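In our numbering, the protein residues as written are 1 to 422.
The C-beta atom is built at its ideal place from N, Cα and C for all residues, glycine as well.
Predicted model only: the values in this text are computed from it and were never measured.
Structure record follows, encoded as structure tokens.
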């Protein structure tokens, strides 16, 4: 249990903002669901309208689909054949995208994709190994901004309290630092994460209430799986934001570190997929994209190995965040890193993380060639060395900025003293 006095202080500090955030999440879920359902109904009504029927009957050659066997666009035989694929919520990757990609891989002598992998006209039975997207006639509820939101919430929760001296108040009040950390994490994160789940459930409820169930071509268990996957993503982002917020103290480079982390992390899923795919040494025609981080509400969901991995990682990050929070010195406020003795560890962590996303996939592609591209050894070595040195310089300049600044001042003082003596 959190100390009652501490709990009251935290409620006064965060209560109104947390309530407002919870309401915004829930309202956004409801409005998105209503908007989606209305768009679906509008499309349904239009395709059954007299105007569309007359247009279809007058210009049937304008309504075509890609035939896998004939390898060309073929007109629909009837208006019902055209209407049917537009109603389900999900389809496999669109025929247009596949056609464009096939024209690309044809020039590279890649094997053709199996027609069994892509059902271009209908999304029938759900298969977790196949990539799905929302029907291009619809607009889906996007959860992509949510990881960024929780990353920012975790960061600001500690960074703002440092800059506004709220941490000073808490520390001087005699509260245990572990209890302060626990109170911050729970009183802000838990309500907002719960509200996010409620918003997704509200969205799903609206879909089931307003759209005929035969067109919701995914079982309820898949949607619930997806909601849990999105929650895991939000939790890991919240934990990462807290970690950065606890450790950084510079008003400029602290937020820039958060932005840099977010931008680099955009390539995380791609990098992991590339590495796993190459290490398994599978042919390009057998490529299956794996959802490592879960960003979209829909059919593509995660598995228990991914949940467990991210969950364990979130716990580890929060544990280190708590450990750092109990050791930081407010005298370091303004420095890039509030815990100088962690410099080497943070430096190595930053270099390893950035390198694994930016450089490692290129190395793996070179070591495990799959016909994607031909890379000259000298060219790749030079590029990788330049990239790695750039990463070292940027990360080192940030983490050791205080030490570099102190050494520079000492050098200037010695230089001025030397000039005065001479």
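Query raised in the report: Nearest to residue 31 by CA position, among 203, 237, 342, is which residue?
Result: 203
Requested in this report: Give every residue of the same chain whose Cβ lies closer than 7 Å to the Cβ of residue 178, excluding the five residues on either side of it in the sequence, and list them in chain order.
Outcome: 322, 326
Requested in this report: Pick helix, strand or coil for residue 335, following the three-state DSSP scheme.
Outcome: strand
Report task. Figure out for me which residue from 273, 253, 247 has the closest Cα to the Cα of residue 158. Result -> 247
Query raised in the report: Excluding sequence positions up to five away, which residues of its chain have a Cβ less than 7 Å from the Cβ of residue 245?
Result: 154, 155, 156, 157, 158, 159
Report task. From the DSSP output, in three-state form, read off residue 115 for me. Result -> Because the pLDDT of residue 115 is 36, which lies under 50, any placement of that residue in the model is unreliable, and the question is left without a value.
Report task. Might you give, ordered along the chain, the residues of its own chain that have their beta carbon closer than 6 Å to the beta carbon of residue 402, omitting 5 neighbours on each side? Result -> 335
Query raised in the report: Taking contact to mean at least 3 C-beta pairs separated by less than 8 Å, is the segment 183-203 in contact with the segment 59-79?
Result: no
Report task. Please find out if some non-hydrogen atom of the ligand ADP comes closer than 6 Å to the beta-carbon of residue 227. Result -> This structure does not include the ligand ADP; it has no bound ligands of any sort.
Query raised in the report: When you compare each of 349, 175, 305, 399 to residue 2 by their alpha carbons, which one comes out closest?
Result: 175
Query raised in the report: Is residue 249 near residue 332, with beta carbons less than 7 Å apart?
Result: yes
Query raised in the report: Going by beta carbon distance, what residues of the same chain come within less than 8 Å of residue 227, once the five residues before and after it are set aside?
Result: 197, 200, 201, 204, 297
Query raised in the report: Between the C-alpha atoms of residue 189 and residue 49, what's the straight-line distance to the nearest angstrom?
Result: 48 Å
Report task. Apply the 10 Å Cβ neighbour rule to residue 266 and answer buried if 16 or more other Cβ atoms are within range, or exposed otherwise. Result -> exposed
**Report entry** CA nearest to the CA of residue 223, picked from 259, 294, 82, 27
**Finding:** 294
Query raised in the report: Which of the three DSSP states, helix, strand or coil, is assigned to residue 404?
Result: helix
Query raised in the report: Measuring CA to CA, which of 40, 394, 409 is closest to residue 87?
Result: 40
Query - Closest residue to residue 171 among 163, 180, 271 (Cα-Cα distance) - result: 180
Query raised in the report: What's the call for residue 236, buried or exposed, on a 16-neighbour Cβ count within 10 Å?
Result: buried
Query raised in the report: Mind checking whether residue 52 and residue 44 have CB atoms under 7 Å apart?
Result: no
Report task. Report buried or exposed for residue 400, applying the criterion of at least 16 other Cβ atoms within 10 angstroms of its Cβ. Result -> buried
Requested in this report: Tell me whether residue 75 sits in a helix, a strand or coil according to DSSP, three-state version.
Outcome: strand
Query - Residue closest to residue 37, alpha-carbon to alpha-carbon, out of 215, 55, 273 - result: 215
**Report entry** Among 252, 193, 353, 243, the one whose alpha carbon lies nearest that of residue 268
**Finding:** 353
Query raised in the report: Does the count of Cβ pairs from the segment 162-170 and the segment 256-266 closer than 8 Å reach three?
Result: no
**Report entry** Same chain, Cβ closer than 7 Å to residue 34, neighbours up to 5 away in sequence not counted
**Finding:** 206
Query raised in the report: In three-state terms, what does DSSP make of residue 203?
Result: helix
Report task. Take the Cβ of residue 276 as the centre, count every other Cβ of all protein chains shown within 10 Å, and call the residue buried at 16 or more, exposed below. Result -> exposed
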